[in-house]
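What follows is a set of notes on a single structure, which appears directly below.
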Amino acid sequence: MTEAGQTELQARALEQYQRLKERNFELKVPERAAIPPQEMPVQDPKVRCHNTSEVALGYSAMQAVVEANRCLQCKNQPCQEGCPVKLPIREFISRIAVEDFAGAIALIKADSLLPAVCGRVCPQETQCQVKCTLGKVLKDQDQSVAIGRLERFVADWERSQGKSEVPACQPDTGKKVAVVGSGPAGLTVAADCRRAGHSVTVFEAFHKFGGVMLYGIPEFRLPKAIVEA
Numbered sequence: 131m132t133e134a135g136q137t138e139l140q141a142r143a144l145e146q147y148q149r150l151k152e153r154n155f156e157l158k159v160p161e162r163a164a165i166p167p168q169e170m171p172v173q174d175p176k177v178r179c180h181n182t183s184e185v186a187l188g189y190s191a192m193q194a195v196v197e198a199n200r201c202l203q204c205k206n207q208p209c210q211e212g213c214p215v216k217l218p219i220r221e222f223i224s225r226i227a228v229e230d231f232a233g234a235i236a237l238i239k240a241d242s243l244l245p246a247v248c249g250r251v252c253p254q255e256t257q258c259q260v261k262c263t264l265g266k267v268l269k270d271q272d273q274s275v276a277i278g279r280l281e282r283f284v285a286d287w288e289r290s291q292g293k294s295e296v297p298a299c300q301p302d303t304g305k306k307v308a309v310v311g312s313g314p315a316g317l318t319v320a321a322d323c324r325r326a327g328h329s330v331t332v333f334e335a336f337h338k339f340g341g342v343m344l345y346g347i348p349e350f351r352l353p354k355a356i357v358e359a
């Protein structure tokens, strides 16, 4: 995508955002379904063939708000059923839709401390997004709400603010837990045990934590700086 293409994306997002703002983000279901999906800005192929930097550049705040307003806010939450972690998808998207980014990331981190990673590499197209009602209504899975991109956006937004809130831990239980391996599974177990009040020690064979996130996924897909943040 060229710089001109990215500028055009942002111009379209601004126009859609202003319309939503005028309505105070209060829309009926057919109006939400009519909002076009937001395209992910990416590096220009002529540029990225000379570097190993991340290809997908992430949504702007306006794009994220517009995309979040596409969510139909289904009562039965089929998207959550498709999520292995059972994130409160409807709720965090509803926060993004009204520009409450801090509230959105807080909801996510109550269940997952790896939103910047999962938002980039989790196969949403075969999990939460394949269950999306909007994609079914439009008879096109590619037009489902971009759940992963929205998760990535709020994680990146929090990091851009220079802060990272960590959920509170329960009082110490006096129990000790050893976790072998510091990949995504190991770190998730360690975090959950610590939040439950247990003392945790993580054992890792390599010199840095991260496992497959650091050593198995290429930089253009998942930057190491994101894993180490």
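Going by our numbering, the residue at position 34 of the sequence shown is 164; the numbering climbs one at a time, nothing skipped.
Beta carbons are placed, not taken as given, at the ideal position from N, Cα and C, and that holds for glycine.
Since the model is a prediction, treat every value here as computed from it, not as a measurement.
Within 9 Å, strictly: CB atoms of residue i and residue j
i, j, result
"Phe350", "Ser183", "yes"
"Val267", "Pro314", "no"
"Arg324", "Gln168", "no"
"Pro218", "Ala240", "yes"
"Val195", "Val185", "no"
"Ala355", "Trp287", "no"
Collapsed DSSP secondary structure at residue i in the structure displayed
i, result
"Val310", "strand"
"Ser224", "helix"
"Ser183", "coil"
"Thr331", "strand"
"Ile172", "In the sequence as displayed, the identity of residue 172 is Val instead of Ile. Note: Val172 maps to strand in three-state DSSP."
"Ile100", "Residue 100 cannot be examined here, being either before or after the span of the chain that is shown, 131 to 359."
"Phe339", "coil"
"Phe350", "coil"
"Thr137", "helix"
"Arg153", "coil"
"Cys247", "The question names Cys, yet the displayed sequence has Val at residue 247. DSSP places Val247 in helix when its eight states are reduced to three."
Spatially closest choice to residue i from the options, by CA coordinates
i, options, result
"Gln257", "Glu138, Ile277 and Lys305", "Ile277"
"Lys293", "Cys262, Ala236 and Ser242", "Ala236"
"Gln203", "Gln300, Glu281 and Thr263", "Thr263"
"Leu344", "Val319, Gly311 and Gln140", "Gly311"
"Arg149", "Ile238, Ala164 and Ala335", "Ala164"
"Val342", "Ser329, Thr331 and Gly316", "Gly316"
"Ile223", "Val177, Gln259, Ala298 and Gly327", "Gln259"
"Phe283", "Gly135, Glu197 and Val177", "Glu197"
"Asp302", "Gln173, Val330 and Lys261", "Val330"
"Lys306", "Lys354, Ala320 and Pro297", "Ala320"
Neighbour-count burial assignment, residue i, 16 or more Cβ in a 10 Å radius
i, result
"Leu187", "exposed"
"Gln254", "buried"
"Gln291", "exposed"
"Cys201", "buried"
"Arg153", "exposed"
"Gln300", "exposed"
"Pro245", "buried"
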